[in-house]
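Asker:
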Amino acid sequence: MPYWDWATNEPEFVPQIALNRDYREEGPKSSESITEKGIEDYNTLSEFKFPKGTPGNITASAPISLSRLSPFRRIQILEHGIYDSFAHLSIFKQGTQDSGKDILRGIGGLRSTPSRFLENLAQVPVERNLTERTVWILQKYNTYIAMSNNALREVSDFKKMQDAENYGSLEDIHNAVHTLVGGGGHMSGIDVSAFDPIFWLHHTNIDRLFAIWQALHQDDSKPETSILARPSGKNFSRDENDVEGIQTPLYPFRSSEKQNHWYNSKTVERTDKFGYSYPENATFTNSPNEAQKKFLREDLRKTLDKIYPRPSGLIGQNQPASKAAGEELLPRAHILKQITKKEIPATVENLESLVQALPSREELLQTSLQPSKPVLKDLAPEGKYLEWLANIRAEKHTLDGAYSVHVFLGPPQEQNTFLWPSAPTHVNTFAPLGQPSDTGCDKCQADQRDRIRVTGQIPLTIALIERYLAGIIDDLSEQSVIPYLKEHLHWRVVQGDGTILPNRSDVAGLLVFVVSNEVTLPADEGEFPIYAPTVQVHPSITTNLQGGGRGDGTGLTHENAPASSGQARNVVE
1218 MPYWDWATNE PEFVPQIALN RDYREEGPKS SESITEKGIE DYNTLSEFKF
1268 PKGTPGNITA SAPISLSRLS PFRRIQILEH GIYDSFAHLS IFKQGTQDSG
1318 KDILRGIGGL RSTPSRFLEN LAQVPVERNL TERTVWILQK YNTYIAMSNN
1368 ALREVSDFKK MQDAENYGSL EDIHNAVHTL VGGGGHMSGI DVSAFDPIFW
1418 LHHTNIDRLF AIWQALHQDD SKPETSILAR PSGKNFSRDE NDVEGIQTPL
1468 YPFRSSEKQN HWYNSKTVER TDKFGYSYPE NATFTNSPNE AQKKFLREDL
1518 RKTLDKIYPR PSGLIGQNQP ASKAAGEELL PRAHILKQIT KKEIPATVEN
1568 LESLVQALPS REELLQTSLQ PSKPVLKDLA PEGKYLEWLA NIRAEKHTLD
1618 GAYSVHVFLG PPQEQNTFLW PSAPTHVNTF APLGQPSDTG CDKCQADQRD
1668 RIRVTGQIPL TIALIERYLA GIIDDLSEQS VIPYLKEHLH WRVVQGDGTI
1718 LPNRSDVAGL LVFVVSNEVT LPADEGEFPI YAPTVQVHPS ITTNLQGGGR
1768 GDGTGLTHEN APASSGQARN VVE
């Protein structure tokens, strides 16, 4: 099964097997669409054909955001006329609301069209933050429970709710990708998302990221790096608050046909037991000892730095100064500088115009090397710098779970919310992927009654570094970043139909705040940076002039600031 690595910024990020209409996969004779030879008559990794008689509410398509096409998905098939130059490509016909198969198929035609514009477009990838968001979890999070799921974990004192440093998770990123890809379509609805073939490629990648995290962090001598026993939610096989642990049977999956031979979390924790591996964990499949693991982890860290560039890596490359350090950030920094200097509205249409006029990478690099220009090494005096993150929490199933919170550094000026992820000031999206009140999911119904809350974490550091390179902020210190975020951090709520929620406080339990974490650069490139054990909470960023929360009262204030590490309230006044 191929995986779709949406966290990479490489243009060839959609597996070619999903773009090839002529590919056929052998399978069992189980439906009308399968021939006598047992092979589907179409590429099931590229499209899904609903059987005759499927209800219209299942087959209907809806506006889509096309995140799967980054960096080319800004060439939208919505009703905008700003892409007429691509009218000769079938997927870009104005007003077309076509199926995913044609969108994916059209990438081949787009890539074969020679264009300086497309070369420039690839230099300002959409949703770059997915890379930063993913690598933050893989590097910083060293306990399984925090890394794996987005449930808000509270203690008895509400103000000492879940540690502010642990608001992120792979589940949080997983949900965001569902929503960014689905828009109002199938991928945004849990009940029908598996009908979209991209669902399977997405989930294979989630499995891959879990395997990478395990290779980096799992240690039998540290129980917290695996599943810990805790009370469960109610499901078809267990009562609510039953204790579940690593040996709990995973009904109804049997490890053999023998009675009571059930899989559990311990027996399924390694991919090689099922006969497969990923490029990043393949060397870990032969039960290496601790000395071997140390060597393999160093090698894996270097590999990840090449796949997923991280802020500490970019800054570290500049110690001593490297001409190439931060080079990939220069195109977007140039565009942000133009938008700020000329007061250009930060819309997708204006972005495309700026992309058209973007200087070559070589020209940008030469300009950046002038003595008066900022360099990345200055961001880490004494080998330390601050990571900045936006934390979000809210009830999962409020508004039928069909909402998303978009984070910007600059006011959102694009009217079409489906284009927001492409806007130059957009950072990323928090999405709960909840369920409507009439859901048939028993656990979801119980969670709705309990008003369960979930969390998300969106790194702001690379977006801030781009603004540093653009001359908009001086550095990553509190003195520079806090005043900037007070003025330029914005968040908006979009409902499932793409309309803006007028009052953000209508999202039950919504709270947005900013934290920073001190990072020490590693002495060796084979090591991860050293993260301070706690974060600093900065309620002043999300507090308005009257002392209330910004964003219709959804911003954190000093009065409702959470604790860090469940201990002292680590809050910067």
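Residues 1218 to 1790 in my numbering are what the sequence shown lists, from first letter to last. Just so you know, even glycine gets a beta-carbon here, dropped at the ideal spot from N, CA and C.
Can you round the beta-carbon distance between A1393 and F1647 to whole angstroms, since I take them to be within the 8 Å contact cut?
Answerer: 7 Å
Asker: Can you tell me which of the three DSSP states M1378 falls into?
Answerer: Residue placement at M1378 cannot be trusted, given a pLDDT of 43 that sits under 50; what the coordinates show is reported in the next sentence. Coil at M1378, not helix or strand.
Asker: Where does Q1763 sit, in a helix, a strand or coil, going by DSSP?
Answerer: coil
Asker: Report the residue from H1403, I1561, L1236 and R1345 whose alpha carbon sits nearest the alpha carbon of Q1630.
Answerer: I1561
Asker: Give the range of the alpha helix (DSSP H) segment to which P1700 is assigned.
Answerer: E1695 to H1705
Asker: Counting only the same chain and skipping the five closest in sequence on each side, list residues whose C-beta sits under 6 Å from that of T1672.
Answerer: N1367, L1369, Y1384 and R1610
Asker: What is the DSSP secondary structure of R1455, reduced to helix, strand or coil?
Answerer: coil
Asker: Which residues in the same chain have their Cβ closer than 7 Å to the Cβ of E1803, if we skip the five residues on either side of it in sequence?
Answerer: Given a span of 1218 to 1790 for the chain in the structure shown, any question on residue 1803 remains unanswerable.
Asker: Alpha carbon to alpha carbon, what distance is there between V1622 and S1722?
Answerer: 12 Å
Asker: Looking only at C-alpha atoms, which of T1774, K1269, I1747 and Q1753 sits nearest to L1762?
Answerer: T1774
Asker: V1485: which of E1474, Y1495, N1503 and I1463 sits nearest, CA to CA?
Answerer: I1463
Asker: Rounded to a whole number of angstroms, what is the C-alpha to C-alpha distance between W1353 and L1546?
Answerer: 18 Å
Asker: Going by other Cβ atoms of all chains shown within 10 Å of its Cβ, with 16 needed for buried, is M1218 buried or exposed?
Answerer: exposed
Asker: Based on the DSSP secondary-structure assignment, which residues constitute the bridge partners of H1643?
Answerer: F1625
Asker: Do V1752 and V1791 have their beta-carbon atoms positioned less than 8 Å apart in this structure?
Answerer: The structure shown does not extend to residue 1791, since the chain is modelled only from 1218 through 1790, so no value can be given for it.
Asker: When you compare only the Cα positions, how much space is there between T1488 and P1496?
Answerer: Across the structure, T1488 and P1496 are spaced so that their CA atoms are roughly 12 Å apart.
Asker: Using 8 Å as the Cβ pair cut-off and three pairs as the minimum, do the stretch 1469 to 1484 and the stretch 1493 to 1512 touch?
Answerer: no
Asker: Return the chain-ordered list of same chain residues with a C-beta closer than 8 Å to the C-beta of I1429, the five sequence neighbours on each side being excluded.
Answerer: L1355, Y1495, E1497, N1498, L1517 and L1521
Asker: Pairing CB atoms from the stretch 1653 to 1666 with CB atoms from the stretch 1523 to 1534, are three or more of them under 8 Å?
Answerer: no
Asker: With distances taken from CA atoms, which of E1599, I1669, W1223 and L1702 is nearest A1680?
Answerer: Its Cα nearest to that of A1680, the residue L1702 stands out among E1599, I1669, W1223 and L1702.
Asker: Give me the residue from T1271, N1237 and G1270 with the minimum Cα distance to E1264.
Answerer: Taking each of T1271, N1237 and G1270 in turn and checking the Cα distance to E1264, the smallest one comes out for N1237.
Asker: Is it buried or exposed, Q1696, if we count other Cβ atoms within 10 angstroms and call 16 or more buried?
Answerer: exposed
Asker: Once the 5 residues before and after G1651 are set aside, which same chain residues still bring their CB inside 6 Å of it?
Answerer: K1613, H1614 and G1618
Asker: So, for F1491: in the same chain, excluding its five sequence neighbours on each side, which residues have a beta-carbon less than 8 Å away from its beta-carbon?
Answerer: The answer, listed in chain order, is V1485.
Asker: Which residues in the same chain as P1466 place their Cβ atom closer than 7 Å to its Cβ, once the five residues preceding and following it in sequence are excluded?
Answerer: W1479 and N1481
Asker: Please name the residue in E1744, R1241, F1625 and I1390 whose C-alpha comes closest to that of T1564.
Answerer: F1625
Asker: Considering only residues of the same chain and omitting the five flanking positions on each side of T1791, which have a CB-CB separation below 7 Å?
Answerer: With the chain running from 1218 to 1790 in the structure shown, residue 1791 is simply not present.
Asker: My output table needs one value for W1353: the three-state DSSP class, helix, strand or coil.
Answerer: helix
Asker: Indicate whether L1798 and Q1509 have their beta-carbon atoms separated by less than 8 Å.
Answerer: No information on residue 1798 is available, as it lies outside the stretch 1218 to 1790 that the chain covers here.
Asker: Quick one: give me the first and last residue of the beta strand (DSSP E) that F1470 is part of.
Answerer: P1466 to R1471 is the span of the beta strand (DSSP E), which, as asked, contains F1470.
Asker: If we ignore side chains and look at the alpha-carbon of each, how far apart do T1342 and I1689 end up?
Answerer: Contrary to the premise, residue 1342 reads as Pro rather than Thr in this sequence. Going by the C-alpha atoms only, they are around 21 Å apart.
Asker: Given G1627, which residues of its chain have a CB within under 6 Å of its CB, disregarding the five upstream and five downstream residues?
Answerer: Correct list, in chain order: A1563, T1642 and H1705.
Asker: Taking buried to mean at least 16 other C-beta atoms within 10 Å of its own C-beta, is G1657 buried or exposed?
Answerer: exposed
Asker: If I1682 sits next to V1644, beta carbons under 8 Å apart, how far is it from one beta carbon to the other, in whole angstroms?
Answerer: Between V1644 and I1682 the Cβ distance is about 12 Å, and since that is not below 8 Å, they are no contact.
Asker: Nearest-angstrom Cα distance between N1456 and I1444?
Answerer: It should be pointed out that residue 1456 corresponds to Asp in this sequence rather than to Asn. As the crow flies, the alpha-carbon of D1456 is around 19 Å from that of I1444.
Asker: Where does S1589 land, buried or exposed, given buried means 16+ other C-beta within 10 angstroms?
Answerer: Exposed, because fewer than 16 other Cβ atoms sit within 10 Å of the Cβ of S1589.
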